[in-house]
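Read in order, the letters of the sequence shown correspond to residues 13 to 116 in the working numbering.
Cβ coordinates follow ideal geometry from the N, Cα and C atoms, glycine included.
What follows is a single structure, written as structure tokens, with notes after it.
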Amino acid sequence: MALNRLQFEFAATAPRPLPVPVVHFGVVGSGDMEVILEARELGGKTVVVVVTPVAGFDHVWALVLQRFIDECQLADVQISINDNNATPAVVSQRLRQALLEIEG
């Protein structure tokens with residue numbers, strides 16, 4: 013199975029840094045995904061790298077990720093997503109769960 017690597021870059025309007033060096037949530041399994049958030053110096057931007065077996069849904073990834081950044085306003089963060097056919101709802105849920113890990 014070939015994997016696709018997508019990369020997106022976002023800028024928050026009211027940037028806030030990740031309060032911890034790294035957060036990991038989820039597992040790569042059928043219909044699921046893992047997300048890793050890492051604090052990095054990225055000039056106030058958030059960079060998201062997605063590795064997925066699914067092709068042709070770049071625009072859907074961009075919309076889901078932009079909504080997440082708009083809501084949480086993360087900046088200077090690298091987000092790595094290892095996907096195994098997760099739906100957009102699961103993607104949103106895993107991203108929010110990763111944030112809850114650090115926010116309590």
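Could you give the distance in angstroms between the alpha-carbon of residue i and the alpha-carbon of residue j?
i: Asn97; j: Leu107; result: 15 Å
i: Arg28; j: Ser42; result: 33 Å
i: Thr99; j: Val40; result: 13 Å
i: Thr64; j: Thr58; result: 19 Å
i: Gln105; j: Gly38; result: 10 Å
i: Phe69; j: Glu115; result: 30 Å
i: Thr25; j: Val66; result: 30 Å
With 16 other CB atoms within 10 Å as the buried threshold, where does residue i fall?
i: Ile93; result: buried
i: Leu15; result: exposed
Look up residue i in the DSSP assignment and say whether it is helix, strand or coil.
i: Phe69; result: coil
i: Val32; result: coil
My understanding is that residue i touches residue j, with C-beta atoms under 8 Å, so please give their C-beta distance in whole angstroms.
i: Val102; j: Asp44; result: 6 Å
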